[in-house]
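*Asks:*
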Amino acid sequence: IFRALASSKALKEESVSPCTDFYQHACGGFEKEPLPKDHADWLYAFNGVRERVAVELTKLLEADKGQAGELYSACTDEKRIEDAGIEP
């Protein structure tokens, strides 16, 4: 992940102030240069983040006693879904 972060610095456009145009500052170099050779590592790093977010979100929804938890439970309780059959 550190290699991916270091490579992302090459994608910045240092001549543009982040206060003037943040997107151009952060991503302006992307249009000028080809992707770094280790760009595949970036995807790997974000996949790990996505998995951790999914695990934490599942924990929160399973513990939630409000409407969000009820909706999550209604969609993931396979036994209750099977018992209800195809009728609404």
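Just so we're aligned: 11 in this note's numbering is position 3 of the sequence shown, and the numbers increase by one with no gaps anywhere. Just so it is clear, CB atoms sit at the ideal spot from N, CA and C, and this is done for glycine as well.
1) Determine the direct distance from the alpha carbon of Trp50 to that of Glu78, and round the result to whole angstroms.
2) Between Ala48 and Leu65, what straight-line distance do the alpha-carbon atoms span, to the nearest angstrom?
3) Is Ile9 helix, strand or coil when you go by DSSP?
4) To the nearest angstrom, how far is it from the Cα of Thr84 to the Cα of Glu90?
5) Determine the direct distance from the alpha carbon of Thr28 to that of Gly36, and round the result to whole angstroms.
6) If you run the structure through DSSP and keep just helix, strand and coil, what is Ser25?
7) Taking Asp85 as part of the alpha helix (DSSP H), name the residues at either end of that continuous run.
*Replies:* According to the data block:
1) 36 angstroms
2) 26 angstroms
3) At Ile9, the pLDDT of 48 sits below 50, so the modelled position is not reliable; the number obtained from the coordinates is stated separately. Reduced to three states, the DSSP call for Ile9 is coil.
4) 11 angstroms
5) 13 angstroms
6) coil
7) Here Asp85 belongs to no alpha helix (DSSP H), and DSSP marks it neither H nor E.
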